[in-house]
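A.B. asks: Going letter by letter, the sequence shown gives residues 1 to 230 in our numbering.
Even for Gly, the Cβ is constructed at its ideal location relative to N, Cα and C.
Have a look at the structure that comes next, please.
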Amino acid sequence: MPMTAVNPLLAVGRLCRDAPKTVGGYRRFRSVIDTDGAIPGRIKRLFVTCAATVKGYEEVALRELLGARDAGLTEAEAGAAIAILSSVRGEGAALRYRSLFLKAYPDAVEPDATQDDLTVAPGEAEANFLTYFGKIPPSLAKLLDLVPTGADAYYLMREGTLSDTALGKVYAELLLVTVLIADYSNWANVHMAGARKAGASEAAIAEAVLCAVPTSGLSAWVVGATAMDA
């Protein structure tokens, strides 16, 4: 397997010469991401991988995934991001990530795909939304009213993403926080609330936000801290 690459930004001679404080600050951000804290380092590097994948920074994404793997990220944990990205950013992001996953885990065995449909009982989606959100958000109320099949689909994808992967509910919620903050999305506060409900600490949420800094700069923290207080 290829060795994890050294972070190239910290090796840019011109940057080190002209902006040593920038390098020093970024090195400190990386130390938060790369080491175990409120979230294990291997999981945080997966979060960076997913943010970079969504932003289209495939070189960064592969480097981070290799680093996560070398830090002990299991194949099952890494594979879980395919489902999570399919939910939060759609087919293109999920398939782009899958191609990186296969490079980092070339011996991964692909199970046979099944086409079996799942049955959703009447009222099941609505009950799930009420349990998760506390009340039905206007967007989902509209979906329940106008396209009930779409509401069932939303429920299945959301529940499968948050509850049924090898990452577990807390890390799935926090991964969504990183990806949404990387796009400066205020909707991250929904998943911050979900992470808290699942047992995440405020320090873990803050570390998940900081995982967006490598792809989205200092503004990621400003947006994320604002969402934490929303």
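Taking all protein chains shown into account, decide if Leu102 is buried (16 or more other Cβ within 10 angstroms of its Cβ) or exposed.
C.D. replies: Locating residue 102 in the sequence shown gives position 102, where the first residue counts as 1. Result: exposed.
A.B. asks: If you draw a straight line from the C-alpha of Leu10 to the C-alpha of Val120, how long is it?
C.D. replies: The residue you call residue 10 lines up with position 10 of the sequence shown. The residue you call residue 120 lines up with position 120 of the sequence shown. Rounded to the nearest angstrom, the two C-alpha atoms are 51 Å apart.
A.B. asks: At what residues does the alpha helix (DSSP H) containing Leu102 begin and finish?
C.D. replies: For the purposes of this step, residue 102 is identified with residue 102 of the sequence shown, where counting begins at 1. Here the alpha helix (DSSP H) through Leu102 covers 90–104.
A.B. asks: Determine the direct distance from the alpha carbon of Glu173 to that of Met1, and round the result to whole angstroms.
C.D. replies: Within the sequence shown, residue 1 is the residue found at index 1, counting from 1. Within the sequence shown, residue 173 is the residue found at index 173, counting from 1. Caution is warranted here: a pLDDT of 36 is assigned to Met1, below 50, making its placement in the model unreliable, and the coordinate value is therefore given only provisionally. If I take the Cα positions, the gap works out to 30 Å.
A.B. asks: If you follow the alpha helix (DSSP H) that Trp221 is in, where does it begin and where does it stop?
C.D. replies: The count along the sequence shown starts at 1 and reaches residue 221 at position 221. Segment 219–229, the alpha helix (DSSP H) holding Trp221.
A.B. asks: Run the CB neighbour count on Asp152, radius 10 Å, all protein chains shown included, and call it buried at 16 or more, exposed below.
C.D. replies: As a position in the sequence shown, residue 152 is number 152, starting the count at 1. Buried, because 16 or more other Cβ atoms sit within 10 Å of the Cβ of Asp152.
A.B. asks: Is it the case that the region 26–42 contacts the region 204–216, given that we only count it when at least three CB pairs across the two stretches are under 8 Å?
C.D. replies: Touching, yes.
A.B. asks: Where does Glu110 sit, in a helix, a strand or coil, going by DSSP?
C.D. replies: Counted from its first residue, the sequence shown places residue 110 at position 110. Here Glu110 sits in coil by DSSP.
A.B. asks: Do the CB positions of Thr49 and Ala93 come within less than 8 Å of each other?
C.D. replies: Residue 49 sits at position 49 when you count from the first residue of the sequence shown. Residue 93 sits at position 93 when you count from the first residue of the sequence shown. Cβ atoms of Thr49 and Ala93: not closer than 8 Å.
A.B. asks: Does Leu62 pass the burial test, meaning 16 or more other C-beta atoms within 10 Å, or should it be called exposed?
C.D. replies: Numbered from its first residue, the sequence shown carries residue 62 at position 62. Its Cβ being crowded by 16 or more others within 10 Å, Leu62 is buried.
A.B. asks: Under 8 Å by Cβ, that's how I've got Ala80 and Ala104 pegged, so tell me the actual separation to the nearest angstrom.
C.D. replies: By 1-based counting over the sequence shown, the position of residue 80 is 80. By 1-based counting over the sequence shown, the position of residue 104 is 104. Incorrect: roughly 14 Å between the Cβ atoms, too far for contact.
A.B. asks: If you draw a straight line from the C-alpha of Ala68 to the C-alpha of Ala83, how long is it?
C.D. replies: Residue mapping note: residue 68 aligns to position 68 of the sequence shown, counting from 1. Residue mapping note: residue 83 aligns to position 83 of the sequence shown, counting from 1. For Ala68 and Ala83, the distance between alpha carbons rounds to 18 Å.
A.B. asks: Looking at C-alpha atoms only, which residue of Phe47, Leu100, Gly217 is the closest neighbour of Thr22?
C.D. replies: The count along the sequence shown starts at 1 and reaches residue 22 at position 22. Of the candidates Phe47, Leu100, Gly217, the one whose C-alpha sits nearest the C-alpha of Thr22 is Gly217.
A.B. asks: Measuring alpha carbon to alpha carbon, tell me which of Leu95, Ile39, Val190, Arg98 ends up nearest Phe133.
C.D. replies: Sequence index remark: in the sequence shown, residue 133 carries index 133 (1-based). Closest option to Phe133, Cα to Cα, is Val190.
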